[in-house]
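A quick write-up on the structure given underneath.
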Amino acid sequence: MNEASFTQSSGNVFADLGLDDADELLPKSELAWRIAERIQARGLTQKQTAAELGIDQPRVSDLLNGRLRRFSLARLL
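Here the sequence shown is numbered in our numbering, starting from 360 and rising by one per residue.
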């Protein structure tokens, strides 16, 4: 049986995957996660969230589904 090997993370999964924009994706993903937590805690629909954020519902869907390249870091702040 083969023994499993492990590589310690750098602390940025996006860098570990070799993505060019890893330094931007990590803070974006952390912010998106926090936003999603607040949406869920408040029990908001995507439509309600869109109205509060001043964006359309498909953009909320992008955010909640991790399509973060469609958002600037500044926009998530």
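Every residue, glycine too, gets a C-beta built ideally from N, C-alpha and C. The structure presented is a predicted model; accordingly, all values stated were derived computationally and were not measured.
Excluding sequence positions up to five before and after residue 419, its CB lies within less than 6 Å of the CB of 405, 408, 409, all in the same chain and listed in chain order. Assignment of residue 373 by DSSP, reduced to helix, strand and coil, places it in the helix class. In terms of Cβ geometry, residue 368 and residue 375 form a close pair [threshold 7 Å]. Residue state for residue 381 is assigned as helix, using DSSP reduced to three classes.
The alpha-carbon of residue 403 is positioned some 11 Å away from that of residue 396. Distance from the CA of residue 417 to the CA of residue 366, rounded to the nearest whole angstrom, comes to 37 Å.
For residue 411, the enclosing alpha helix (DSSP H) begins and ends at 405–412.
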